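Residue numbers (the working numbering): 67 to 214. Glycine is no exception: its CB is placed at the ideal position from the N, C-alpha and C atoms. Please read these numbers as outputs of a predicted model, since none were measured by experiment.
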Ligand SMILES: Cc1cc2nc3c(=O)[nH]c(=O)nc-3n(C[C@H](O)[C@H](O)[C@H](O)COP(=O)(O)O)c2cc1C
């Protein structure tokens with residue numbers, strides 16, 4: 067991929083962070099990759115020159131995890147123009163909950179409402195089968211970059 071890649075993770079209990087690091091390791095031979103906690107990301111720095119990979123869990127009753135709350139609040143209050151920004155999304159969740167994987171969808175919808183474009187298949191991990199998110203996330207990100 068010609069663009070630099072920023073993997074933005076939103077987590078409550080660490081799964082999305084570990085998966086983000088494993089995804090970065092899987093693709094860093096093909097591109098410049100940085101892993102950033104959504105909590106620390108300045109939304110005014112979104113750039114069309116960077117490809118964003120977002121990974122977020124769901125907490126509460128279909129809400130974004132606490133690590134993604136400042137990110138969503140900043141997007142709501144600053145409403146940056148994200149025209150030209152491209153991103154892909156991987157959601158962590160558990161299908162035994164009523165609002166499966168909703169946290170990542172809230173983030174995805176917000177970015178699109180501000181003009182960004184989602185690329186590729188929507189990736190998901192369902193914790194109800196007892197598997198770890200890392201393997202699914204790594205497989206998804208490799209497929210994503212093989213098709214871009
Ligand atoms: C208290 C609690 C609430 C949760 N609520 C949901 C939910 O509403 N929908 C869903 O799909 N998953 C839900 N999950 C599952 C988490 O999204 C899943 O375990 C995920 O892998 C956690 O990732 P994290 O460690 O990055 O936060 C919940 C988990 C916990 C512990």
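Report yes if the C-beta distance between residue 115 and residue 98 is below 7 Å; otherwise report no.
no
Here's the rule: buried if 16 or more other CB atoms are within 10 angstroms of the residue's CB, otherwise exposed. What is residue 124?
buried
Cβ separation of residue 102 and residue 74, assumed to be a contact under 8 Å, to the nearest whole Å
That pair is a contact at about 5 Å.
Starting from residue 152, trace the alpha helix (DSSP H) both ways and give me its first and last residue.
Premise fails: residue 152 lies in the beta strand (DSSP E), 152-159, not in any alpha helix (DSSP H).
Anyone know if the C-beta pair for residue 82 and residue 122 falls short of 7 Å?
yes
Candidates 175, 178, 188, 160: which alpha carbon is nearest residue 196's?
160
Kindly list the residues whose CB is nearer than 7 Å to the CB of residue 179, restricted to its own chain and excluding five residues on each side of it in sequence; keep chain order.
none
Roughly how many angstroms lie between the CA atoms of residue 172 and residue 129, to the nearest whole one?
8 Å
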